[in-house]
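Report on the structure given below.
2 protein chains.
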Amino acid sequence: MNVRQSIDMDLRATMDALGAKAREAAEALRTCPASTRTAAIQAMARHLRARTEEVLRANAVDMANATGKTDRLMLNEARVKGIADALDQVADLPDPVGAERARWKRPNGLDIARVSTPIGVIGMIYESRPNVTADAAAICVRSGNVVILRTGSEALNSALAIHGAIAAGLEEAGLPAECVQMVPTADRDAVGMMLEGLNGTIDVIVPRGGKTLVARVQDEARVPVFAHLEGICHTYLQARADPKMAVDITVNAKMRRVEICGATETILIDRAAADSLLPPVAEALEGMGCELRGDADSRAIHGSIKPAEEADWSTEYLAPIVSVRVVEGLDEALDHINRYGSGHTDAIITEDAAVAEAFLARLDSAIVVWNASTQFADGGEFGFGAEIGIATGKMHARGPVGPEQLTSFKYVVRGTGQTRP
Amino acid sequence: MNVRQSIDMDLRATMDALGAKAREAAEALRTCPASTRTAAIQAMARHLRARTEEVLRANAVDMANATGKTDRLMLNEARVKGIADALDQVADLPDPVGAERARWKRPNGLDIARVSTPIGVIGMIYESRPNVTADAAAICVRSGNVVILRTGSEALNSALAIHGAIAAGLEEAGLPAECVQMVPTADRDAVGMMLEGLNGTIDVIVPRGGKTLVARVQDEARVPVFAHLEGICHTYLQARADPKMAVDITVNAKMRRVEICGATETILIDRAAADSLLPPVAEALEGMGCELRGDADSRAIHGSIKPAEEADWSTEYLAPIVSVRVVEGLDEALDHINRYGSGHTDAIITEDAAVAEAFLARLDSAIVVWNASTQFADGGEFGFGAEIGIATGKMHARGPVGPEQLTSFKYVVRGTGQTRP
Chain A
9 MNVRQSIDMD
19 LRATMDALGA
29 KAREAAEALR
39 TCPASTRTAA
49 IQAMARHLRA
59 RTEEVLRANA
69 VDMANATGKT
79 DRLMLNEARV
89 KGIADALDQV
99 ADLPDPVGAE
109 RARWKRPNGL
119 DIARVSTPIG
129 VIGMIYESRP
139 NVTADAAAIC
149 VRSGNVVILR
159 TGSEALNSAL
169 AIHGAIAAGL
179 EEAGLPAECV
189 QMVPTADRDA
199 VGMMLEGLNG
209 TIDVIVPRGG
219 KTLVARVQDE
229 ARVPVFAHLE
239 GICHTYLQAR
249 ADPKMAVDIT
259 VNAKMRRVEI
269 CGATETILID
279 RAAADSLLPP
289 VAEALEGMGC
299 ELRGDADSRA
309 IHGSIKPAEE
319 ADWSTEYLAP
329 IVSVRVVEGL
339 DEALDHINRY
349 GSGHTDAIIT
359 EDAAVAEAFL
369 ARLDSAIVVW
379 NASTQFADGG
389 EFGFGAEIGI
399 ATGKMHARGP
409 VGPEQLTSFK
419 YVVRGTGQTR
429 P
Chain B
9 MNVRQSIDMD
19 LRATMDALGA
29 KAREAAEALR
39 TCPASTRTAA
49 IQAMARHLRA
59 RTEEVLRANA
69 VDMANATGKT
79 DRLMLNEARV
89 KGIADALDQV
99 ADLPDPVGAE
109 RARWKRPNGL
119 DIARVSTPIG
129 VIGMIYESRP
139 NVTADAAAIC
149 VRSGNVVILR
159 TGSEALNSAL
169 AIHGAIAAGL
179 EEAGLPAECV
189 QMVPTADRDA
199 VGMMLEGLNG
209 TIDVIVPRGG
219 KTLVARVQDE
229 ARVPVFAHLE
239 GICHTYLQAR
249 ADPKMAVDIT
259 VNAKMRRVEI
269 CGATETILID
279 RAAADSLLPP
289 VAEALEGMGC
299 ELRGDADSRA
309 IHGSIKPAEE
319 ADWSTEYLAP
329 IVSVRVVEGL
339 DEALDHINRY
349 GSGHTDAIIT
359 EDAAVAEAFL
369 ARLDSAIVVW
379 NASTQFADGG
389 EFGFGAEIGI
399 ATGKMHARGP
409 VGPEQLTSFK
419 YVVRGTGQTR
429 P
């Protein structure tokens, strides 16, 4: 056996053990009272506050080793406090485990209930934001799910320090520390093993990070994945859009934060209103430093728009750039979105309720919006309290994934001796 | 190019075309009014009745070619009428498309609704029951989903004749005939291509058939699967079971129909009640021709029970055979079910409500039952009107899969100009 094989076998054994321990811990977390899960998350927050210095020391090691941008990686006292406060907020969310989602009686007297149950074991693969370690742990525990966390190597020391507080919180509440485990190595092969499901112990993978990571996960995973690859979101200014609303919403949808998945990347504008609507919208965006790339029709109306190439319509800029296209009406707007969109979030701005309802009904994106900013695509803004990510697939979870969407369900049938004829 | 390659390329082209046409048809089926889907299913029933002779002629060809058991394959006038009547029943079910499952208002005035949407394109792979062709078509159309049907070669002529009526019904209602397509060949490679997803056009695979088929599908599929591999169902006679109920329910759960997935395969019985409960239960089963295989404790109580081997506890007999085991109480019963069960349907018989509720809460099977027969595991019995199968996975669908579970959802956000702070 050469050295490389020996390392692989060690990693395999380590990862398999994580999976086996996760599966073991799942029953305790699933069957304990909701108050125990609440207490565990609150205790995590307390332990994290108490360990602020230790976490900052670990983060300093990560920062010293880091290359490139480090703002996402950097922690300070205020940020650690923010992470702990977020834990307390998740502790306050309703516990979905065991909730009756429906209950009905059959003519033969059988009483049937559909009851929420945890999915089981979640594999979370993310990059270098230390807060994700705590956020993901809390939302998984809130929904009764065990989680195996795999952070990017740049944040490993910070994540391990935060994980220490999480494990202490779980144990204080009388739960197995293995309800939340961290992959203790930066070896990239660990990701591949998680994507294979660790011998059937992982029920679903949640990737959170850049396009390269998510694409790899979606391509290689042998278990279900909750993820969005891209957010190519559209704001469609329909002929009867209110002019002030058109400017305010478009500017917010594009520029509030350009790097998030709910940011608008393409503006569609009805020909009938383009002459009056496009100049003020374009000027407002340009005034904030946004580059516009448009089709010939839009450039004929507003000369400072640069020419768009075919690739622009399917580009998630995540930057102060937006593409602009003039369309003939609802059908052409929907055709464009169906062809180039990513099924994430798309908005229509109009005072015409009938056209708006047609847009909302006909478009099959995870989130469809009328007269509001696409940047509302967020679990917090939806009232879910927290989200582990936003899903653009159609299976199981779609849109912001909060605690409720991290549950499955079972049927509870209560009888009085019924046999089937 | 040799002959084999040429055949493969033809099949590939045929299958890819099915996928592309399915995706094209999906928008029309998804966005038409519910009344159009209802009319289409009713028209399918009418066309099927009108084509009874043609269907029976096609079935006669299948029967003449068939080897082995043919009862599942055989059609007669009454059976064709039964299939048509079942179509009418699905037409009468509530249409789930566009149904608001939840709606709430945010403090900023945003009005958010969660609305049911079809999943998209379903790939249905089944064996030689001709009725499945019509049942699956109807339940998919009812839920707004396009379906690609792949029947076993033995039933291909019957299925194509039934499909003719389905296509005529769709067209009469003004929908594309491609909403329901059949794989027109018995080539087994077609199944492999469906399991790969036909270039991303298939959203979910539903296999329906024997263990070999379902195992292949679950192993090879690169898209989500709604399926159960096995139904190893348990009936647990707790110490405080009502004696008459114990006999009635156990006999029904095992013997009503032995070949269905909800049939009980193992009886667990509390030691405290085994002396009094086991003999009447065993005698009732033996009187109906059921073979009992038990552990040493059960055989000590009732001598005619044959010895069980380890393999018996994980065997889905689908036959008049049942395994029997004496347990010390709830914990040991749950341990046994967790170890050997398949997460399908498990029942407890007891007059002790506290023990029953603990069983219902702690066991994470798709269906958990108190004081009723495991054979109620059925979409019709649950009031779903129809089912496309029973799922034992935890993702998206679980238990009987009716029209509602063949939907996904999207969020509809209605605003009045809100921008995100």
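Residue numbers (our numbering), protein chains in the order written: chain A, 9 to 429; chain B, 9 to 429. In this text, a Cβ means the ideal position worked out from N, Cα and C, and glycines have one as well.
Test: residue i CB closer than 8 Å to a CB of chain B
i	result
K418(A)	yes
R111(A)	no
G393(A)	no
D343(A)	no
A33(A)	no
G27(A)	no
M9(A)	Only weak support exists for where M9(A) lies, its pLDDT of 40 falling under 50; the coordinates are left without a value.
Any C-beta of chain A under 8 Å from that of residue i
i	result
P288(B)	no
I313(B)	no
T424(B)	yes
A106(B)	It is worth fixing the name first, because residue 106(B) is Gly in this sequence and not Ala. Interface residue, yes.
R12(B)	Model confidence at R12(B) stands at a pLDDT of 48, short of 50, so the residue's coordinates are unreliable; what they give is reported in the following sentence. False, the Cβ-Cβ gap to chain A never drops below 8 Å.
Chain-ordered chain A contacts of residue i [CB-CB under 8 Å]
i	result
M403(B)	I127, D211, V212, P232, M403, H404, S416
Cross-chain neighbours of residue i in chain B, by beta carbon under 9 Å
i	result
R114(A)	F384, E389, F390, G391
G407(A)	R122, F417, K418, Y419
Cross-chain neighbours of residue i in chain A, by beta carbon under 7 Å
i	result
R370(B)	T39
T427(B)	D256, I257, N260, S381
Closer than 8 Å at the beta carbon, the chain B residues around residue i
i	result
S373(A)	K418
V376(A)	K418, Y419, V420, V421
| said: Can you pull out the residues from the stretch 117-129 of chain B whose beta carbon lies closer than 8 Å to at least one beta carbon of chain E? | reply: Here the protein chains are A and B, and chain E is not one of them.
| task | Output the residue ranges of the beta strand (DSSP E) runs that lie fully inside the stretch 300-367 of chain B and measure 3 residues or longer, sorted by chain position. | result | 329-335, 353-357
| task | Check each residue of the stretch 255-277 of chain B: if its Cβ is closer than 7 Å to any Cβ of chain A, include it; give the result in chain order. | result | D256, I257, N260, R264
| Contacting positions in the stretch 238-255 of chain B - beta carbon closer than 9 Å to chain A | D250, K252, M253
| field | the stretch 55-68 of chain A in contact with the stretch 17-36 of chain A per 3-pair CB rule at 8 Å | value | no
| task | Jot down the residue ranges of each uninterrupted beta strand (DSSP E) in the stretch 62-113 of chain A, minimum 3 residues, whole runs only, in chain order. | result | 108-113
| request: Output the residue ranges of the alpha helix (DSSP H) runs that lie fully inside the stretch 385-415 of chain B and measure 4 residues or longer, sorted by chain position. | output: 387-390
| field | Inside the stretch 123-153 of chain B only - alpha helix (DSSP H) runs reaching at least 4 residues | value | 138-150
| the stretch 126-137 of chain B / the stretch 376-388 of chain B touching (three or more Cβ pairs under 8 Å) | no
| query | Could you give the uninterrupted runs of the beta strand (DSSP E) lying entirely in the stretch 251-278 of chain B, keeping only those of 3 residues or more? | reply | 272-278
| Would you call the stretch 111-118 of chain B and the stretch 418-426 of chain A in contact, with 3 or more CB pairs under 8 Å? | no
| request: With a floor of 4 residues, list each alpha helix (DSSP H) that falls wholly inside the stretch 150-227 of chain B, ordered by position along the chain. | output: 164-180, 197-204
| query | Okay, do the stretch 153-170 of chain B and the stretch 184-202 of chain B touch, 3+ Cβ pairs below 8 Å being the bar? | reply | yes
| query | If you pair each beta-carbon of the stretch 235-252 of chain A with each one of the stretch 395-403 of chain A, do three or more pairs fall below 8 Å? | reply | yes
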